[in-house]
Amino acid sequence: MAAHLALMSEIEDARNDAVSLLRTLVRFPSITGGEAEIGAFVAGYCRDMGLVVEIVEAEPGRPNVIATWESGRPGPTLLLNDHLDIVPPGPLENWRYPPFDAIVADGHVHGRGTIDTKSGLTTLLIAVRAARAIGLPIAGKLVAIFTCDEETGGKLGMQLLARNGYLKADLAVVAEPTTLRIEIATKARIGLEITTVGKATHGARPWLGHNAIGDMARIVAGLQDLADRLGHRHHPRMGRPSLNVGTIEGGTVPNMVPNWCRIGVDRRLIPGETKEQAIAEIEGVIEGLRGQYPKLDAAVAELIWWPGYMLDEGEPIVTIAAGAFEKVVGRRPEIGVKDAGTDASWIRSLAGIPVVMFSPGNGLSAMNANESVSIDDVVLAAKVIGQIIADVLVKQ
Ligand SMILES: [Zn+2]
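Quick note on our numbering: the sequence shown kicks off at 10 and runs consecutively.
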């Protein structure tokens, strides 16, 4: 109990440090591919608090930072994770404050990445630093991993670490935006590209060619119908699956019959659906059209596969995280799920580690313009992370 109170007051006293750390992190424009500088900063921050730091680079300038607090006493290993990269800010005129100035106003820090996910990063760093500052008597090991390449699927980040044996832990917390909920599941995601091939000719004699955009229009309409049918599927925790045709391009000039067209499709799966089934349904739409239009020439290519996962509410990491939240906040947390893929999917699917997500940012506003996070929520989330560290690693 004394350790609990000391840890909470240490984090409360670090409020200004948390704000200044978050502002520093936001000022790194670490759009995926540009993680080198923020990686070096985070590595230095971890070294300064006495952690052993290893940097694993998938490619030059693409760091994954692994910081370890080894107690020397037998006990469990707790993995804390967040990513270093962010998505681009989009059109600047949509922003009230410049996205990389980290302006403080109305009790919030404003800027790209404040929600996804530099507030989460801040909570992990502040909580670990406070735990070390008070000499929290941990047993076992705390490992904090800060990855590159998360926003584009984690091939150079968490996937690489998992496939090379770096992920060894009993429990894990990923500080992705959850609006202070404990999130225990993500939908799986497939990214597909569908291409149609036609025959180019002069636009004044289209009957001599074959229009690839016309074929694609039929496919898109068929996929919209499929998306409507998917809306009838339902999982009690994960809700409905989805299908979105997100991009389309094709043709050369208006007065030529186009011989190519391409769309990008995003499909989110709920438990019970498989990747093979989802792709077969999409191919079924195309097959059906081929029956009506024999010249239709289309191919489906799989670009992204991001597995989903779902923990049972009785898993120890869920009850520990919920209990820690209750000790800090004084009420039970909301337990939720995430639509989007995160590194938690790889931690679970490739390394088998039970993992929850928790951080102060509002996931629904992540990637929007005018991203911002409440400073009170950042401090509160850091306390919950600190409490989770204590509840997992300090022998009761
Ligand atoms: Zn994220």
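C-beta atoms are modelled at their ideal positions from N, C-alpha and C, and glycine is treated no differently.
Could you give the first and the last residue of the continuous alpha helix (DSSP H) run that contains residue i?
| i | result |
| --- | --- |
| threonine 50 | Here the sequence assigns phenylalanine to residue 50, which means threonine is not the residue at that position. Its alpha helix (DSSP H) spans residues 45 to 57. |
| glycine 300 | 284 to 301 |
| aspartate 275 | Note, aspartate 275: premise wrong, no alpha helix (DSSP H); beta strand (DSSP E) at 269 to 278. |
| proline 325 | 325 to 338 |
| serine 358 | 352 to 360 |
| valine 309 | Not the alpha helix (DSSP H): valine 309 falls in the beta strand (DSSP E), residues 307 to 315. |
| lysine 392 | 384 to 402 |
| histidine 211 | Per DSSP, histidine 211 belongs to no alpha helix (DSSP H) and is neither H nor E. |
| alanine 226 | 221 to 239 |
| serine 128 | 128 to 142 |
| histidine 13 | 11 to 22 |
| alanine 171 | 167 to 172 |
Please look up how many angstroms separate the CB atoms of residue i and residue j, rounded, as I've assumed it's under 8 Å.
| i | j | result |
| --- | --- | --- |
| leucine 16 | isoleucine 143 | 6 Å |
| isoleucine 199 | arginine 249 | Actually they do not touch by this definition, with Cβ atoms about 16 Å apart. |
| leucine 101 | phenylalanine 155 | In fact, because the Cβ distance is near 27 Å, the residues do not count as touching under 8 Å. |
| serine 381 | threonine 123 | 5 Å |
| valine 393 | valine 337 | 5 Å |
| valine 388 | leucine 31 | About 11 Å; that fails the 8 Å criterion. |
| leucine 176 | alanine 67 | That pair is no contact at about 15 Å. |
| leucine 34 | isoleucine 47 | 7 Å |
| leucine 145 | alanine 12 | 6 Å |
| threonine 86 | proline 369 | Going by Cβ atoms, the distance from threonine 86 to proline 369 rounds to 25 Å, so no, they are not a contact pair. |
Do you know offhand how far residue i's Cα is from residue j's?
| i | j | result |
| --- | --- | --- |
| valine 254 | leucine 232 | 8 Å |
| serine 251 | leucine 239 | 6 Å |
| histidine 219 | proline 267 | 8 Å |
| valine 363 | tyrosine 318 | This sequence places proline at residue 363; valine is not what is there. Answer to the nearest angstrom: the Cα atoms are 10 Å apart. |
| methionine 58 | leucine 134 | 9 Å |
| glutamine 301 | leucine 217 | 20 Å |
| alanine 360 | proline 303 | 46 Å |
| glutamate 63 | alanine 226 | 51 Å |
| isoleucine 313 | glutamate 282 | 16 Å |
| threonine 188 | arginine 271 | 36 Å |
| alanine 289 | cysteine 157 | 33 Å |
| glutamate 160 | aspartate 125 | 10 Å |
| isoleucine 3 | glycine 395 | There is simply no residue 3 to check, as the chain begins at 10 and stops at 405 in what is shown. |
| isoleucine 291 | glutamate 285 | 10 Å |
| alanine 287 | glycine 339 | 43 Å |
| proline 263 | glycine 372 | 41 Å |
| glutamate 185 | glycine 212 | 51 Å |
| isoleucine 398 | glycine 129 | 15 Å |
| valine 96 | arginine 121 | 8 Å |
| valine 229 | threonine 41 | 30 Å |
| proline 215 | arginine 242 | 41 Å |
| aspartate 385 | phenylalanine 367 | 15 Å |
| tryptophan 55 | glutamate 296 | Checking the sequence shown, residue 55 turns out to be cysteine, not tryptophan. Distance between the alpha carbons of cysteine 55 and glutamate 296 is about 55 Å. |
| arginine 357 | alanine 136 | 23 Å |
| isoleucine 193 | proline 325 | 12 Å |
| glutamate 322 | isoleucine 191 | 10 Å |
Beta strand (DSSP E) containing residue i: first to last residue?
| i | result |
| --- | --- |
| methionine 366 | 364 to 366 |
| histidine 117 | 117 to 119 |
| alanine 184 | Neither: alanine 184 is in no beta strand (DSSP E) and is coded neither H nor E. |
| isoleucine 203 | 197 to 206 |
| alanine 153 | 150 to 156 |
| aspartate 91 | 86 to 92 |
| lysine 347 | 344 to 347 |
| tryptophan 104 | Careful: tryptophan 104 lies outside any beta strand (DSSP E) and carries neither H nor E. |
| glutamate 380 | Looking at the DSSP string, glutamate 380 is not in any beta strand (DSSP E), and its letter there is neither H nor E. |
Under 7 Å from any heavy atom of ligand 1, does the C-beta of residue i make it?
| i | result |
| --- | --- |
| threonine 351 | yes |
| valine 158 | The question names valine, but residue 158 is aspartate in the sequence shown. Aspartate 158: no, Cβ never under 7 Å from ligand 1. |
| histidine 243 | no |
| glutamate 102 | no |
| threonine 126 | yes |
| glutamate 185 | yes |
| histidine 92 | yes |
- [ ] May I ask you to verify whether the region 63 to 78 touches the region 167 to 174, counting CB pairs closer than 8 Å and requiring at least 3?
- [x] The way I'd put it, the region 63 to 78 does touch the region 167 to 174; three or more beta-carbon pairs between them come closer than 8 Å.
Open item on the list: I'd like to know if the region 205 to 221 and the region 304 to 312 are in contact, where contact means that at least 3 CB-CB pairs between them fall below 8 Å.
Closed with: They touch, by the three-pair rule.
Open item on the list: Counting beta carbon pairs with one atom in the region 322 to 332 and one in the region 342 to 353, are three or more of them shorter than 8 Å?
Closed with: Three or more beta-carbon pairs drawn from the region 342 to 353 and the region 322 to 332 are found closer than 8 Å, and the two stretches are therefore classed as touching.
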